[in-house]
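**Q**
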Amino acid sequence: MEIYTAAMEPPREQLAGRRSIMREHARYPRFRSVIALPREGGGAAGFAYGFRGGSGQWWHDIVAAELRERDPGAERRWFADSFEVAELHVLPAYQGRGIGRSLLETLTAARRERTAVLSTPAGPTAARGLYRSRGFVDVLPEFHFPGSPHRPFTIMAAPLPLPGGGRRRPARRSPVWQWTG
Numbered sequence: 001m002e003i004y005t006a007a008m009e010p011p012r013e014q015l016a017g018r019r020s021i022m023r024e025h026a027r028y029p030r031f032r033s034v035i036a037l038p039r040e041g042g043g044a045a046g047f048a049y050g051f052r053g054g055s056g057q058w059w060h061d062i063v064a065a066e067l068r069e070r071d072p073g074a075e076r077r078w079f080a081d082s083f084e085v086a087e088l089h090v091l092p093a094y095q096g097r098g099i100g101r102s103l104l105e106t107l108t109a110a111r112r113e114r115t116a117v118l119s120t121p122a123g124p125t126a127a128r129g130l131y132r133s134r135g136f137v138d139v140l141p142e143f144h145f146p147g148s149p150h151r152p153f154t155i156m157a158a159p160l161p162l163p164g165g166g167r168r169r170p171a172r173r174s175p176v177w178q179w180t181g
């Protein structure tokens, strides 16, 4: 939760709910998580997790319903057999070093699903640039989740495997990371 809080800066009253959601996600089919650890020790610098997306999951159902309304073909193409990248966060002090890219590539490597799907805050962010560089495209450019009418998100999707085939390249400025999954 420390990494999530530092990266996303959510209102304090939402943290208990986020913690509960993350625990529930760990029970979803084909759940996988990865963390970035500095070689010199200390706490994690970043983490990512995801799972097979499907009916009955809140995020999947909300997003797929909206996409089905706007473009049924896109809903079938991107969500029929998808891996949901539910969370990917890097502590601000470690951002810009290739850690997010390595987390994403490691998380999605060797997945059996046809596509990967995710949501990210709308706008020209570093995260969105990362996702585009790995083959993700906008499927819903400005989406408002129930309960968050003032914070737009972009729903993105990519075919799997991602470009690069899950190969891990060293971080640009500091190759001091171990990846576990």
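All residue numbers for the sequence shown refer to full-length UniProt numbering, where the first residue is 1 and numbers rise by one.
Yeah, the Cβ is synthetic: ideal placement off N, Cα and C, and Gly gets one too.
Keep in mind the model is a prediction, meaning the values are calculated, not measured.
Using beta-carbon positions only, say whether Leu-67 and Val-85 come within less than 8 Å of one another.
**A** no
**Q** Distance check for Leu-15 and Ile-21, CA to CA, integer angstroms please.
**A** If you take the alpha carbons of Ile-21 and Leu-15, they lie about 10 Å apart.
**Q** Check Arg-32 in the structure and name its three-state DSSP category.
**A** In the three-state reduction of the DSSP assignment, Arg-32 falls in the strand class, which pools E and B.
**Q** Under DSSP, the alpha helix (DSSP H) around Glu-105 begins and ends at which residues?
**A** 99-108
**Q** Please report how far the alpha carbon of Pro-92 lies from the alpha carbon of Met-8, in whole angstroms.
**A** 10 Å
**Q** Leaving out the 5 sequence neighbours to the left and right, which residues in its chain are closer than 8 Å to Arg-70 when beta-carbon positions are compared?
**A** Leu-140
**Q** Given that a residue counts as buried once 16 or more other Cβ atoms are within 10 Å of its Cβ, and exposed if not, what is Met-156?
**A** buried
**Q** List the whole-angstrom C-beta distance separating Ala-65 from Thr-115, where the pair is believed to meet the contact cut-off of C-beta under 8 Å.
**A** Rounded, the Cβ-Cβ distance is 17 Å, inconsistent with contact.
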